[in-house]
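Colleague: Numbering of the sequence shown is given in our numbering, commencing with residue 11 and proceeding in unit increments. Pasting a structure below so you can have a look.
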Amino acid sequence: MTKTETPGTLLTAMRGQSPLVQCITNYVAMNVAANVLLAAGASPAMVHAEEEAGEFAGFAGALTVNIGTLSPAWIAGMKAAVGGATAVHRPWVLDPVAHFATGFRRKATADLLALGPTVIRGNASEIISLAGGTSRARGVDSRDPVERAEEAARSLAATQCCIVAVTGATDFVTDGERAVRIHGGSSLMPQVTALGCSLTCLVGAYAAIRPESPFDATAAALVHFAVAGKRSAERSQGPGSFAMHFIDQLAAVDAATLDEEGKVVWL
Ligand SMILES: Nc1ncnc2c1ncn2[C@@H]1O[C@H](COP(=O)(O)OP(=O)(O)OP(=O)(O)O)[C@@H](O)[C@H]1O
Ligand SMILES: Cc1ncsc1CCO
Ligand SMILES: [Mg+2]
Numbered sequence: 011m012t013k014t015e016t017p018g019t020l021l022t023a024m025r026g027q028s029p030l031v032q033c034i035t036n037y038v039a040m041n042v043a044a045n046v047l048l049a050a051g052a053s054p055a056m057v058h059a060e061e062e063a064g065e066f067a068g069f070a071g072a073l074t075v076n077i078g079t080l081s082p083a084w085i086a087g088m089k090a091a092v093g094g095a096t097a098v099h100r101p102w103v104l105d106p107v108a109h110f111a112t113g114f115r116r117k118a119t120a121d122l123l124a125l126g127p128t129v130i131r132g133n134a135s136e137i138i139s140l141a142g143g144t145s146r147a148r149g150v151d152s153r154d155p156v157e158r159a160e161e162a163a164r165s166l167a168a169t170q171c172c173i174v175a176v177t178g179a180t181d182f183v184t185d186g187e188r189a190v191r192i193h194g195g196s197s198l199m200p201q202v203t204a205l206g207c208s209l210t211c212l213v214g215a216y217a218a219i220r221p222e223s224p225f226d227a228t229a230a231a232l233v234h235f236a237v238a239g240k241r242s243a244e245r246s247q248g249p250g251s252f253a254m255h256f257i258d259q260l261a262a263v264d265a266a267t268l269d270e271e272g273k274v275v276w277l
């Protein structure tokens with residue numbers, strides 16, 4: 011992030027453009043993620059059929075691909091969409107949900123990785139095992155601390171020539187050389203399903219308006235979540251009311267709030 015391009019500046023730019031984001035996400039996340047993007051200021055479209063996904067990606071601002079509830083038809087749609095986005099040089103974000111769990115997921119993830127995502131966003135367990143390490147997780151929830159994933163994230167970013175974001179109690183973003191930690195959020199966030207999946211879609215929204223700076227775009231999306239998450243926890247009684255307040259706070263925060271309350275530490 012430069013001094014002129016703070017997360018707040020990017021928030022204003024993102025809301026000003028309200029980018030169209032093609033989200034290929036899972037059945038659990040579809041509704042949550044669409045509401046997250048609308049509240050944040052972007053325009054989501056959940057378009058995944060092979061017959062139209064590539065065509066749609068040709069005019070969307072960015073594409074996000076999440077393997078959470080995978081089937082062969084969805085994989086075909088994902089590949090078509092990535093082809094469409096790549097053809098017009100639009101950024102695309104990969105969320106490798108529980109990619110280590112089964113052979114089917116491992117193969118799909120390897121195929122998608124080979125197509126060159128602009129950004130990979132996952133929890134610590136997902137990033138550790140994507141970089142070749144052994145994670146403690148079996149399913150979609152992380153079982154590892156983010157600190158254990160930081161070196162994995164750096165090496166994955168360097169090998170894949172992309173941005174890697176690891177989320178958890180403290181988030182970590184790297185391009186293989188530069189890295190930041192982003193503090194904030196709330197321990198209630200992993201108790202509400204699909205917030206990570208929704209964050210992946212929001213990374214797409216920010217990447218759409220700064221395709222030449224995916225590191226800054228990714229960090230800004232994570233700061234938006236971190237600040238809104240912390241403010242929501244202060245107003246919530248538990249995961250249910252947190253989910254409601256979180257949508258409100260994603261919409262309520264402005265540029266000044268992000269820049270005052272965002273805690274970004276360069277490493
Ligand atoms: N203990 C925590 N404290 C603060 N923020 C957290 C904590 N755990 C997760 N978060 C935040 O929650 C959001 C989602 O990250 P998380 O790592 O839970 O994603 P995920 O495991 O992929 O989620 P899902 O698969 O359910 O969509 C991020 O903004 C992250 O910073
Ligand atoms: C619970 C769940 N199962 C598959 S995807 C998903 C959403 C959180 O990753
Ligand atoms: Mg996830």
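Every residue gets a Cβ at the ideal spot worked out from N, C-alpha and C, and that includes glycine. Note that the structure is a prediction, hence the values are computed from the model and not measured.
#1: Roughly how many angstroms separate the alpha carbons of GLY250 and PHE235, rounded to a whole number?
#2: Which residue wins for smallest C-alpha separation from ARG115, given the options ALA147, VAL42, ALA91 and LEU80?
#3: Can you confirm whether GLY94, when its beta carbon is compared against all beta carbons of chain D, has any partner nearer than 7 Å?
#4: With three or more beta-carbon pairs closer than 8 Å as the criterion, would you say the region 54-69 touches the region 182-196?
#5: So does GLY206 have its beta carbon nearer than 6 Å to some heavy atom of ligand 3?
#6: So does the region 157-167 actually touch the region 175-182, counting three or more Cβ pairs closer than 8 Å?
#7: Does the Cβ of LEU212 lie closer than 6 Å to at least one heavy atom of ligand 1?
#8: Residues in its own chain within less than 6 Å of SER135 by CB, not counting five upstream and five downstream?
#9: Am I right that THR35 and CYS211 are in contact with their C-beta atoms under 8 Å? What's the rounded C-beta distance?
#10: Does the beta-carbon of ASN36, which I'm using as the reference point, lie nearer than 6 Å to any heavy atom of ligand 2?
#11: Measuring straight from C-alpha to C-alpha, what distance separates MET40 and ALA59?
#12: Just to confirm, are ALA72 and ALA218 a CB contact at a threshold of 7 Å?
#13: Using only the alpha-carbon positions, how far apart do ALA230 and VAL263 sit?
Modeller: Let's see:
#1: Along the sequence shown, read from residue 1 onward, the residue named residue 250 stands at position 240. Along the sequence shown, read from residue 1 onward, the residue named residue 235 stands at position 225. Cα to Cα, the separation comes out at about 17 Å.
#2: Translated into the one-based positions of the sequence shown, residue 115 becomes position 105. Comparing Cα-Cα distances from ARG115 to each of ALA147, VAL42, ALA91 and LEU80, the minimum goes to LEU80.
#3: Among the protein chains of the structure shown there is no chain D, as only one such chain exists.
#4: no
#5: Taking the first residue of the sequence shown as position 1, residue 206 is located at position 196. Yes, the beta carbon of GLY206 sits closer than 6 Å to at least one heavy atom of ligand 3.
#6: yes
#7: Here residue 212 refers to the residue found at position 202 when the sequence shown is read from its first residue. False, no ligand heavy atom lies under 6 Å from that Cβ.
#8: Along the sequence shown, one-based indexing puts residue 135 at 125. Taken in chain order, the residues that qualify are SER145, ALA147, SER152, ARG153 and ASP154.
#9: Walking along the sequence shown from the start, residue 35 turns up at place 25. Walking along the sequence shown from the start, residue 211 turns up at place 201. Yes, THR35 and CYS211 are in contact; Cβ-Cβ is about 6 Å, under 8 Å.
#10: In the sequence shown, counting from the first residue as 1, residue 36 sits at position 26. Yes, since a heavy atom of ligand 2 falls inside the 6 Å radius drawn around the Cβ of ASN36.
#11: Within the sequence shown, numbered from 1, the residue matching residue 40 stands at position 30. Within the sequence shown, numbered from 1, the residue matching residue 59 stands at position 49. The straight-line gap from Cα to Cα measures roughly 14 Å.
#12: By 1-based counting over the sequence shown, the position of residue 72 is 62. By 1-based counting over the sequence shown, the position of residue 218 is 208. Result yes, Cβ atoms of ALA72 and ALA218 sit closer than 7 Å.
#13: Mapped onto the sequence shown, residue 230 falls at position 220. Mapped onto the sequence shown, residue 263 falls at position 253. Looking at the two C-alpha atoms, the distance is approximately 13 Å.
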